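In full-length UniProt numbering, the protein residues as written are 1 to 178. Scroll down for the structure; my scribbles are underneath it.
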């Protein structure tokens with residue numbers, strides 16, 4: 001499910017407003033502590049260069065295309081997707097462990113790469129990087145920590161060359177202990 005709002009003409013439930021923390025907290029608030037939950041942070045690689053070359057209208061069209069690609073994979077009723085910032089998206093996957101979330105992130109990454117959206121700064125076209133973190137059943141509900149762990153994994157994907165989906169080194173609880 002995309003959280004309310006619209007990205008340009010993209011008539012879906014893609015959230016782009018100031019209430020993202022509330023919507024994200026709502027999505028995480030009623031999680032069953034007996035089920036795993038995963039967060040996937042997605043960032044469009046070299047998007048500033050894309051916007052600089054193709055203009056803001058081109059950038060908006062690119063965002064719509066990426067949002068549609070994410071929606072084509074994250075289509076379970078319990079999947080929560082939102083635009084997190086400029087060119088970032090967050091995906092919350094209920095009843096999904098870290099390996100399952102990594103498979104979802106990789107399907108999204110490969111699907112976007114296969115679109116071959118032209119990009120003047122990248123010979124492969126527009127790509128994304130993704131970071132995955134998971135919280136096992138019974139670990140409580142540190143929502144901020146879960147998102148932060150996924151964000152660290154996203155940063156690792158960027159550091160390793162972009163166009164990658166990386167998972168946190170261990171599940172969320174193990175990371176929180178370090």
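Glycine included, every Cβ here is placed at the ideal spot set by N, Cα and C. These numbers come from a predicted model, not from an experiment.
Extent of the continuous alpha helix (DSSP H) to which residue i belongs
{"i": "residue 103", "result": "98–115"}
With 16 other Cβ atoms within 10 Å as the buried cut-off, status of residue i
{"i": "residue 36", "result": "buried"}
{"i": "residue 127", "result": "buried"}
{"i": "residue 76", "result": "exposed"}
{"i": "residue 105", "result": "buried"}
{"i": "residue 153", "result": "buried"}
{"i": "residue 144", "result": "exposed"}
{"i": "residue 119", "result": "buried"}
{"i": "residue 116", "result": "exposed"}
{"i": "residue 167", "result": "buried"}
{"i": "residue 85", "result": "exposed"}
Three-state class that DSSP yields for residue i in the structure shown
{"i": "residue 45", "result": "coil"}
{"i": "residue 162", "result": "coil"}
{"i": "residue 145", "result": "helix"}
Beta strand (DSSP E) segment containing residue i, residue limits
{"i": "residue 91", "result": "88–94"}
{"i": "residue 135", "result": "128–135"}
{"i": "residue 35", "result": "Where residue 35 is concerned, there is no enclosing beta strand (DSSP E), given that its DSSP letter is neither H nor E."}
Opposing strand residues paired with residue i [DSSP bridges]
{"i": "residue 167", "result": "132"}
{"i": "residue 85", "result": "88"}
Whole-angstrom distance between residue j and residue i, CA atom to CA atom
{"i": "residue 44", "j": "residue 169", "result": "22 Å"}
{"i": "residue 22", "j": "residue 94", "result": "With a pLDDT of only 48 at residue 22, under the threshold of 50, the placement of this residue in the model should not be trusted; the figure read from the coordinates follows. Computed Cα separation, rounded: 18 Å."}
{"i": "residue 125", "j": "residue 111", "result": "12 Å"}
{"i": "residue 38", "j": "residue 113", "result": "23 Å"}
{"i": "residue 61", "j": "residue 150", "result": "26 Å"}
{"i": "residue 129", "j": "residue 57", "result": "22 Å"}
{"i": "residue 87", "j": "residue 132", "result": "17 Å"}
CB contact below 8 Å: residue i versus chain B
{"i": "residue 122", "result": "Within the model displayed, chain B is absent; a lone protein chain is all it includes."}
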